[in-house]
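S.K.: The following block contains the structure, expressed as structure tokens.
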Amino acid sequence: MKPNSNSGHQNYGFSSEFQLVKDSTDEHTKPNREPRPRPSGFFGILMESLRNLPVVGNVLRAQVDPIYRPILNSLLPAGAQSRQSNDEFHEERHCFGKIGCFETTIDFYDPIIRPINLPPDTRDAINTHYTLYTRTQTNGVPLTRRTLARITDTSYNPTNPTKFIVHGFLDDQNSTWIKEMVRGLLYHGDYNVFTVDWSGGSRVIYHQAVTNIRVVALEVAALINSLKFKLGQDPAKVHVIGHSLGSHMAGHIGERVKGLGRITGLDPAEPFFQHMPASVRLDPSDASFVDVIHTDTDSIITLAWQFAGYGLEQPIGHVDFYPNGGRVQPGCSSLSRIALTALRDGTGIIEGLDAAEKEAVACNHIRASKLFTASLLGSCSFMAFPCESYDEFEKAKCFSCNTELGCSPLGIHADSWQPKGRENVKMFLSTSAGPDFCQYHYRLTVSLADERRQGGALRGRLKVTFITPAGELRDFHLTEKSPLNFRRGSSRTFLLRHGEDLSGSVDALVSWHFEPDVFNPLTFCVLFCTPELELSTITLTPLDTPSVADNSASKKEQDSTDIVMCHKQGQPVIKLDSEKTIKISAEPFCPELRRKHNKIEAENLRSGSLLFSGDVPIVD
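Residue 477 in UniProt numbering sits at position 477 of the sequence shown; the count goes up by one each step and never skips.
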């Protein structure tokens, strides 16, 4: 959020702001706002009934709302409706005593994207409260704005990095994803972890929650500034992690905390924020480093609510991650995931059922938080690659970290990537369906010989099976969808994706099946032709495994991570008959065979006797 107005005075002392007295700090523009009118008619009553249900009912309300906005306007306060229908927008200022003020300026209005701005609820109605976790107080210490002075009696350490976790619409701090993230953070580092609960302001109609986040931002910003001035907390070591609406709230917090270190947006909410000015939503100016994970970017405006997305697609951070394209996440289309989530997530049946409920209605939306937590607990690098689009990424055109932008890990270590003045850098990666979501990427190069100088190509299917150090087999059907042409004397490249680190494999099995096209006589092998495949080498190049990260840190050459396999006795050509399988190994002399093949192939390309093989297939 780029500040668009004077934020008002803030008091940073614990004793004066948070003492236990009757709350008189709500110097609200409309302190005596009348209660919302009761809805009338079938549709109004239906929407009000859904509002009183837990997550499912409220999500249905939020989903239906953009489509039936004219009907739902009847549920809004009369003042809000008439104000937005006027040609002239009326700016409003809302003050909350010592924690400050905010203004609703013209930036916050758009006739299509954001046609409604409701007055905020009171601090008492929103009831922002916290729980502080540390490694010595893992069960958490509850705190309210009136008891924050007691923080000095806890194990809070101002010299440690401090994390704030903020939930979104309809949620609260007892959600399973928050509890698992807290456990992950404490496992990962010696942090102070605050969870922020504003459920009193989030479990309302969506338009109201959108306004309420600015009140909560005042509360949290006042707390962070108090920690700074009273206890010596360095704002540069403060990291705010927000999900959905909480992402944009984090932006408002950063607007009021000078020098805030980092904000992580977990699938920031789309409605009322996408394509709005930076002062309205999360943006790179809100912290020294802003990273965003997008996992549910299909438009929310669709008649099929189960296919709607709740997150925005627009890049709004220094770096924006789009796992699996940012739209549909692996496993979210399977109904069995709900039962698996109930059994697998959390530490008990209550946490499991809570996670399953959210998985049922917002699987893609909640995946961003799960990916961040996974980055805390495992060894997976979750390396992402800069790319213009997911389509280009799927064509394997972006798997290089040797560019000006470089690569960045998704999750807790995203801040190892240096913005260097850049913003809105899109990065893509693949993940699995869980439970650890890890998906490594490999480049597989199949180098073919042409000992008889026949030229031309063979059409067929190729399978490579890597043998892990534990003796397990990992199959990759390189031509599973359809047979491919393998041009003699050339190389063919594939992109492999697997959840296991295969960089320790030194042996592989290669199977070949010749399969001519019955509708193309030129693909048949007759007279002097032979259907055997002349194989020179196979090279497996890990793109994002831990070994690659280690080499990158030590600035070793890319070739040092290549696994080049060839004939065990060093024969330059392996003749592989159709329906046969041979074993190859990574031997010391294999890289030299590859260099010789590459030299011959380069000469053939220059002479025009060899054609480029085309796009790179992706193999899971």
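Just so it is clear, CB atoms sit at the ideal spot from N, CA and C, and this is done for glycine as well.
Excluding five sequence neighbours on each side, which residues of the same chain lie with their C-beta closer than 7 Å to the C-beta of H275?
M.R.: In the sequence shown, counting from the first residue as 1, residue 275 sits at position 275. Closer than 7 Å at Cβ, skipping near neighbours: I113, Q314.
S.K.: When you compare the stretch 266-282 with the stretch 398-409, are there three or more beta-carbon pairs, one atom per stretch, that lie closer than 8 Å?
M.R.: no
S.K.: Measuring only the C-alpha atoms, how far is C380 from R93?
M.R.: In the sequence shown, counting from the first residue as 1, residue 380 sits at position 380. In the sequence shown, counting from the first residue as 1, residue 93 sits at position 93. So the two alpha carbons sit approximately 47 Å from each other.
S.K.: Look up P31 in the DSSP assignment and say whether it is helix, strand or coil.
M.R.: Indexing the sequence shown from 1 puts residue 31 at position 31. Any reading at P31 is ruled out, since the residue's pLDDT is 38, under 50, leaving its predicted position unreliable.
S.K.: Which residues in the same chain as T138 place their Cβ atom closer than 7 Å to its Cβ, once the five residues preceding and following it in sequence are excluded?
M.R.: Residue numbering aside, residue 138 sits at position 138 when the sequence shown is read from its first letter. The residues are L186.
S.K.: Once you ignore the five residues that flank V182 on each side, which residues in its own chain have a CB closer than 6 Å to its CB?
M.R.: Numbered from its first residue, the sequence shown carries residue 182 at position 182. So the qualifying residues of the chain are Y133, V193.
S.K.: Apart from the five residues just before and just after D190, which ones in its own chain have a Cβ nearer than 7 Å to its Cβ?
M.R.: Taking the first residue of the sequence shown as 1, we reach residue 190 at position 190. Excluding sequence neighbours, D190 sits near R135, N160.
S.K.: Quick check on the DSSP output: the beta strand (DSSP E) that includes N192 runs from which residue to which?
M.R.: Reading the sequence shown from its first residue, position 192 is the one you call residue 192. Taken as a continuous stretch (DSSP letters only), the beta strand (DSSP E) holding N192 covers 192-197.
S.K.: Just how far apart, CA to CA, sit A602 and M565?
M.R.: As a working note, residue 602 is residue 602 in the sequence shown. As a working note, residue 565 is residue 565 in the sequence shown. Those two C-alpha atoms are separated by around 20 Å.
S.K.: Who are the near neighbours of W198 in its chain, counting only those whose CB is closer than 6 Å to its CB and skipping five residues on each side?
M.R.: Taking the first residue of the sequence shown as 1, we reach residue 198 at position 198. If we look at W198 and ignore the five residues flanking it on each side, its Cβ neighbours are I126, T128, V216.
S.K.: Distance check for T264 and I293, CA to CA, integer angstroms please.
M.R.: On the sequence shown, position 293 is the one that residue 293 refers to. On the sequence shown, position 264 is the one that residue 264 refers to. Their backbone Cα atoms lie some 8 Å apart in a straight line.
S.K.: Contact check, D450 vs R488 under 8 Å by CB: the rounded distance?
M.R.: Looking up residue 450 in the sequence shown gives position 450. Looking up residue 488 in the sequence shown gives position 488. The pair is a contact, with the Cβ atoms about 4 Å apart (cut-off 8 Å).
S.K.: I'd like to check one pair, G325 with Y390: are the Cβ atoms closer than 8 Å?
M.R.: Taking the first residue of the sequence shown as position 1, residue 390 is located at position 390. Taking the first residue of the sequence shown as position 1, residue 325 is located at position 325. In this structure, G325 lies closer than 8 Å to Y390 by Cβ.
S.K.: Are the CB atoms of D544 and H413 within a distance shorter than 8 Å?
M.R.: Here residue 413 refers to the residue found at position 413 when the sequence shown is read from its first residue. Here residue 544 refers to the residue found at position 544 when the sequence shown is read from its first residue. No.
S.K.: Excluding the five sequence neighbours on either side, which residues of its own chain have a C-beta within less than 6 Å of the C-beta of P142, listed in chain order?
M.R.: Reading the sequence shown from its first residue, position 142 is the one you call residue 142. Correct list, in chain order: T131.
S.K.: Taking contact to mean at least 3 C-beta pairs separated by less than 8 Å, is the stretch 478-487 in contact with the stretch 411-431?
M.R.: The answer is no - the stretch 411-431 does not touch the stretch 478-487, with fewer than three Cβ pairs under 8 Å.
S.K.: Taking all protein chains shown into account, do 16 or more other C-beta atoms lie within 10 angstroms of the C-beta of P284, making it buried, or fewer, making it exposed?
M.R.: Looking up residue 284 in the sequence shown gives position 284. It counts as buried.
S.K.: Can you check which of these residues, A362, R281, S279, is closest to T297 by C-alpha distance?
M.R.: For the purposes of this step, residue 297 is identified with residue 297 of the sequence shown, where counting begins at 1. Closest option to T297, Cα to Cα, is A362.
S.K.: Determine whether the beta carbon atoms of I574 and A508 lie at a separation below 8 Å.
M.R.: Here residue 574 is taken as the residue at index 574 of the sequence shown, counted from 1. Here residue 508 is taken as the residue at index 508 of the sequence shown, counted from 1. No. Outside cutoff.
S.K.: Does the separation of the CB atoms of L478 and L533 fall below 8 Å?
M.R.: To locate residue 478, count along the sequence shown from 1; it is residue 478. To locate residue 533, count along the sequence shown from 1; it is residue 533. No, the Cβ-Cβ distance between L478 and L533 is not below 8 Å.
S.K.: For F399 versus L502, is the C-beta spacing smaller than 8 Å?
M.R.: Walking along the sequence shown from the start, residue 399 turns up at place 399. Walking along the sequence shown from the start, residue 502 turns up at place 502. Going by C-beta atoms, F399 is not nearer than 8 Å to L502.
S.K.: Relative to the C-alpha of F102, which candidate in S279, Q454, I600, I467 has its C-alpha closest?
M.R.: Counting from one through the sequence shown, the residue named residue 102 turns up at place 102. Answer by Cα proximity: S279.
S.K.: Given a threshold of 16 other Cβ atoms within 10 Å of its Cβ, counted over all protein chains shown, does Q19 qualify as buried or as exposed?
M.R.: Position 19 of the sequence shown, counting from 1, holds the residue named residue 19. Because the pLDDT at Q19 is just 40, under 50, the model does not fix this residue reliably, and the value given afterwards should be weighed accordingly. Counting Cβ neighbours within 10 Å, Q19 comes out exposed, since fewer than 16 surround it.
S.K.: Checking 8 Å against the spacing of the C-beta atoms, do T541 and D562 come in under that value?
M.R.: Here residue 541 corresponds to residue number 541 of the sequence shown, with the count starting at 1. Here residue 562 corresponds to residue number 562 of the sequence shown, with the count starting at 1. Yes, they are a contact pair.
S.K.: Residues bridged to S175 by DSSP?
M.R.: The count along the sequence shown starts at 1 and reaches residue 175 at position 175. Its beta-bridge partners do not exist; DSSP assigns none.
S.K.: Pull up the distance between the alpha-carbon of Y206 and that of R214, whole angstroms please.
M.R.: Counting from one through the sequence shown, the residue named residue 206 turns up at place 206. Counting from one through the sequence shown, the residue named residue 214 turns up at place 214. The C-alpha of Y206 lies about 14 Å from the C-alpha of R214.
S.K.: Would you say residue 643 and V506 are within 8 Å of each other, going by their C-beta atoms?
M.R.: Since the first residue of the chain shown is 1 and the last is 620, residue 643 is not available in this structure.
S.K.: Straight-line CA distance for residue 621 to G504?
M.R.: A question about residue 621 goes unanswered here, because the residues of the chain that appear run from 1 up to 620.
S.K.: DSSP state of S491, grouped into three classes?
M.R.: Walking along the sequence shown from the start, residue 491 turns up at place 491. Three-state result, S491: strand.
S.K.: Would you kindly work out how many angstroms separate the C-alpha atoms of K596 and L576, rounded to a whole number?
M.R.: Translated into the one-based positions of the sequence shown, residue 596 becomes position 596. Translated into the one-based positions of the sequence shown, residue 576 becomes position 576. About 20 Å.
S.K.: In terms of DSSP beta bridges, what is C101 paired with?
M.R.: One-based indexing of the sequence shown puts residue 101 at position 101. The partner list for C101 (beta bridge, DSSP) reads C95.
S.K.: Using a threshold of 8 Å, state whether the C-beta atoms of W177 and I467 are closer than that.
M.R.: Indexing the sequence shown from 1 puts residue 177 at position 177. Indexing the sequence shown from 1 puts residue 467 at position 467. No, these two residues do not count as a Cβ contact at 8 Å.
S.K.: Where does S554 sit, in a helix, a strand or coil, going by DSSP?
M.R.: By 1-based counting over the sequence shown, the position of residue 554 is 554. With a pLDDT of 44 at S554, under the threshold of 50, the modelled position of this residue cannot be trusted, and the question is left open.
S.K.: Pick helix, strand or coil for D562, following the three-state DSSP scheme.
M.R.: Against the sequence shown, residue 562 aligns to sequence position 562. If DSSP states are grouped into helix, strand and coil, D562 belongs with coil.
S.K.: For F519, count neighbouring Cβ atoms within 10 angstroms of its own Cβ and tell me buried if that reaches 16, exposed if not.
M.R.: Numbered from 1 along the sequence shown, position 519 holds the residue referred to as residue 519. With fewer than 16 other Cβ atoms from the protein chains shown falling within 10 Å of its own Cβ, F519 counts as exposed.
S.K.: Give me the Cα-Cα distance between F321 and K481, rounded to the nearest whole angstrom.
M.R.: Here residue 321 refers to the residue found at position 321 of the sequence shown. Here residue 481 refers to the residue found at position 481 of the sequence shown. Answer to the nearest angstrom: the Cα atoms are 29 Å apart.
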